[in-house]
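Structure first, commentary second.
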Amino acid sequence: MNSYTIIGLMSGTSMDGVDLTLASYEKSEKGKWSYRLINYESFSYTNDLKSKLSTLTSLPAAQLFEFDRELGRYFGELVNQFIEKYTIDKTNIDAIASHGHTVFHQPEKGYTVQIGSGIEIALKTDIKVINDFRSKDVALGGQGAPLVPIGDKLLFNDLADAFLNIGGFTNISLPNQQPILAFDISPGNLPLNEVMKKNFGLAYDPNGRFASEGKIDQQLLEKLNCLEYYNQNGPKSLGTEWLEAHFNPLLYNRNPHDLLRTLVEHIALQISIVLNEHNVKQLAITGGGALNTFLVDRIKDLSVAEIIELEQHTIEFKEAIVFGFLGALYLAGENNILKEVTGARASSKSGTLHLP
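Take the position in the sequence shown, starting the count at 1, then add 40; the result is the number in our numbering.
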């Protein structure tokens, strides 16, 4: 039986913080993987770090490389705090599996960039680190995304027909389809949080309350729904560059409540189109957007899917759990990225190993 104890480290594009999980992953003699979540914690970014993260795409190369190192040391410090708080025995940890923080994602041009130096984390914690999970897949002609579906297929597939994650972007995974199907659907928390920050001084819209007080701008909704991305077949993925070039320019000079309401309707509509197209009966929703009850209610109204209730730690920490699993698969010498999902020439064992 293969067994690995891994710390999963996840920093999402919505910049709401860093999620850490400690989990054990086991493969039975019959070849079935399972996991046991041991500890989990979410750390909010400092205002200084948030400010730096929000300007990454405009930094000169030298400053970006400097911040890559700084962020890696910060991640390492968080891991050490996590270990100390839960009195974890370091000698039992096989590796840290870190997603890193995405700066650029343009697979059509052959690159994707996540920062948070793996060697800095390894040296700070004295634990092996596996990171840079996306680059190899992009080099193989894939999207380098989404990566979570292999966890849906091997760890969670008995929970629901489909898995929707609402983070900075929304993505769907249908693990029981042959072949497995997964792709980014639409923007998610990124534009919603930006409207809240700019107009109300809040990090996010609690329960979608501000959105619920607005009216749908039908003209804007039609423009958003007509964006070319929604006509493309998967595999496909979204990055902040797409938001800046195609999505955000449509949002200027709008009433903030109406803008939030229209964005929620757009997101819910695009998600529901996918759910109904694939006849999804049972849907599990994770990520920060799963706590936006107004958005979730609109998805319920527009689709035929039943929303499956998940445990709170699964909703909030599923991505970190799965990145820990990607690390376990790497150590087991197994493929951790599926070509059916990303469109690469081949499935692969992806990641870069850093020794302390």
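The beta carbon of each residue, even a glycine, is placed where N, CA and C say it ideally should be.
(request) Starting from the Cα of Phe107, find the closest Cα among Glu117, Pro396, Leu89 and Ala200 and give me that residue. (result) Indexing the sequence shown from 1 puts residue 107 at position 67. It is Leu89 whose Cα lies nearest to the Cα of Phe107.
(request) Pair every Cβ in the region 129 to 146 with every Cβ in the region 363 to 374, then say whether three or more of these pairs are closer than 8 Å. (result) yes
(request) Name the one or two DSSP bridge partners that Glu346 has. (result) Position 306 of the sequence shown holds residue 346. Note: Glu346 sits in a beta bridge opposite Gln322.
(request) Give the single residue among Ala345, His353, Glu317 and Val304 whose Cα lies nearest to the Cα of Thr333. (result) Translated into the one-based positions of the sequence shown, residue 333 becomes position 293. That would be Val304, whose Cα lies nearest to the Cα of Thr333.
(message) For Gln154 and Leu180, I'd like the C-alpha separation in whole angstroms.
(response) Within the sequence shown, numbered from 1, the residue matching residue 154 stands at position 114. Within the sequence shown, numbered from 1, the residue matching residue 180 stands at position 140. Distance between the alpha carbons of Gln154 and Leu180 is about 17 Å.
(request) Check whether the Cβ atoms of Gln310 and Tyr270 lie closer than 8 Å to each other. (result) Position 270 of the sequence shown, counted from the first residue, corresponds to residue 310. Position 230 of the sequence shown, counted from the first residue, corresponds to residue 270. Cβ atoms of Gln310 and Tyr270: closer than 8 Å.
(message) Our contact map puts Leu300 next to Asp245 with C-beta atoms below 8 Å; I'd like the distance itself, whole angstroms only.
(response) Within the sequence shown, residue 300 is the residue found at index 260, counting from 1. Within the sequence shown, residue 245 is the residue found at index 205, counting from 1. At roughly 6 Å, the Cβ-Cβ gap stays under 8 Å, so Leu300 and Asp245 are in contact.
(message) Between the alpha carbons of Thr165 and Ser175, how many angstroms are there, rounded?
(response) Here residue 165 corresponds to residue number 125 of the sequence shown, with the count starting at 1. Here residue 175 corresponds to residue number 135 of the sequence shown, with the count starting at 1. So the two alpha carbons sit approximately 24 Å from each other.
(request) Report the three-state DSSP secondary structure of Pro227 (helix, strand or coil). (result) Along the sequence shown, read from residue 1 onward, the residue named residue 227 stands at position 187. Strand at Pro227.
(message) In this structure, how does DSSP classify Arg174 when only helix, strand and coil are distinguished?
(response) Stepping through the sequence shown from its first residue, residue 174 is reached at position 134. Arg174 falls in the coil class under three-state DSSP.
(request) Identify, in the order they occur along the chain, each residue of the same chain with its Cβ nearer than 8 Å to the Cβ of Val344, setting aside the five sequence neighbours on each side. (result) Looking up residue 344 in the sequence shown gives position 304. If we look at Val344 and ignore the five residues flanking it on each side, its Cβ neighbours are Leu315, Asn316, Asn319, Val320 and Lys321.
(message) If you measure between the beta carbons of Leu199 and Ile78, is that distance less than 8 Å?
(response) In the sequence shown, residue 199 corresponds to position 159, counting from 1. In the sequence shown, residue 78 corresponds to position 38, counting from 1. Against a cut-off of 8 Å, the Cβ pair of Ile78 and Leu199 comes out as no contact.
(request) Could you tell me which of Val143, Thr127, Asn376 and Lys358 sits nearest to Phe173, measuring between CA atoms? (result) Start at 1 with the first residue of the sequence shown, and residue 173 comes out as number 133. The shortest C-alpha separation from Phe173 is found at Asn376.
(message) If you follow the alpha helix (DSSP H) that Ala308 is in, where does it begin and where does it stop?
(response) Within the sequence shown, residue 308 is the residue found at index 268, counting from 1. Here the alpha helix (DSSP H) through Ala308 covers Pro296 to Glu317.
(request) Identify the continuous beta strand (DSSP E) that holds His286 and give its terminal residues. (result) Looking up residue 286 in the sequence shown gives position 246. Per DSSP, His286 belongs to no beta strand (DSSP E) and is neither H nor E.
(message) Could you give the first and the last residue of the continuous alpha helix (DSSP H) run that contains Ala251?
(response) As a working note, residue 251 is residue 211 in the sequence shown. Start and end: Arg249 to Ser252.
(request) Look at Leu283 and Leu230 and say whether their C-beta atoms are less than 8 Å apart. (result) Translated into positions along the sequence shown, residue 283 becomes position 243. Translated into positions along the sequence shown, residue 230 becomes position 190. Closer than 8 Å, so yes.
(request) May I ask which residues mark the beginning and end of the alpha helix (DSSP H) holding Gly48? (result) Here residue 48 is taken as the residue at index 8 of the sequence shown, counted from 1. Taken as a continuous stretch (DSSP letters only), Gly48 belongs to no alpha helix (DSSP H), being part of the beta strand (DSSP E) at Asn42 to Ser51.
(message) Alpha carbons only, please: which of His394, Gly367 and Ser252 is nearest the one belonging to Ser388?
(response) If you number the sequence shown from 1, residue 388 lands on position 348. For Ser388, the nearest C-alpha among the options comes from Gly367.
(message) Can you list, in chain order, the residues of its chain with a C-beta nearer than 8 Å to that of Arg294? Leave out the 5 residues immediately preceding and following it.
(response) On the sequence shown, residue 294 is found 254 positions in, with the first residue counted as 1. Here the set comprises Asp257, Leu260 and Thr302.
(request) Let me know the secondary structure DSSP gives Tyr244 once reduced to three states. (result) As a working note, residue 244 is residue 204 in the sequence shown. In the structure shown, Tyr244 sits in coil (DSSP, three-state: anything other than H, G, I, E or B).
(request) Check Leu91 in the structure and name its three-state DSSP category. (result) Taking the first residue of the sequence shown as position 1, residue 91 is located at position 51. One point to set straight first is that residue 91 is Ser, not Leu, in the sequence displayed. Note: Ser91 maps to helix in three-state DSSP.
(message) Buried or exposed for Gln103, going by 16 or more other Cβ atoms inside 10 Å?
(response) One-based indexing of the sequence shown puts residue 103 at position 63. Classification of Gln103: exposed, given that the 10 Å Cβ count is below 16.
(message) Output needed for Val188: all residues of its chain with C-beta closer than 7 Å, excluding positions within five of it in sequence on either side, in chain order.
(response) Within the sequence shown, numbered from 1, the residue matching residue 188 stands at position 148. Excluding sequence neighbours, Val188 sits near Asn205, Ser213, Glu359 and Val362.
(message) Assuming contact is defined by CB atoms lying nearer than 8 Å, are Gly207 and Gly57 in contact in what I supplied?
(response) The residue you call residue 207 lines up with position 167 of the sequence shown. The residue you call residue 57 lines up with position 17 of the sequence shown. Contact: no.
(request) Under 7 Å Cβ to Cβ from Leu395, same chain only, skipping five residues before and after it: list those, please. (result) Here residue 395 is taken as the residue at index 355 of the sequence shown, counted from 1. Ala162 and Lys168.
(request) Have a look at the DSSP bridge pairing and note the partners of Gln154. (result) Along the sequence shown, one-based indexing puts residue 154 at 114. Answer is Thr142.
(message) Can you tell me whether Glu81 is helix, strand or coil according to DSSP?
(response) The count along the sequence shown starts at 1 and reaches residue 81 at position 41. It is a strand residue.
(message) Check for me: the beta strand (DSSP E) holding Ala202 runs from which residue to which?
(response) Taking the sequence shown and counting its residues from 1, one reaches residue 202 at position 162. Unbroken beta strand (DSSP E) run through Ala202: Ala202 to Ile206.
(message) Spatial neighbours of Ser157 within its chain, please: C-beta separation below 8 Å, excluding the five flanking residues on both sides.
(response) Here the question's residue 157 lines up with position 117 in the sequence shown. Result list for Ser157: Asp108, Arg109, Leu111, Gly112 and Arg113, in chain order.
(request) Apply the 10 Å Cβ neighbour rule to Gly241 and answer buried if 16 or more other Cβ atoms are within range, or exposed otherwise. (result) The count along the sequence shown starts at 1 and reaches residue 241 at position 201. Exposed, since its Cβ has fewer than 16 Cβ neighbours within 10 Å.
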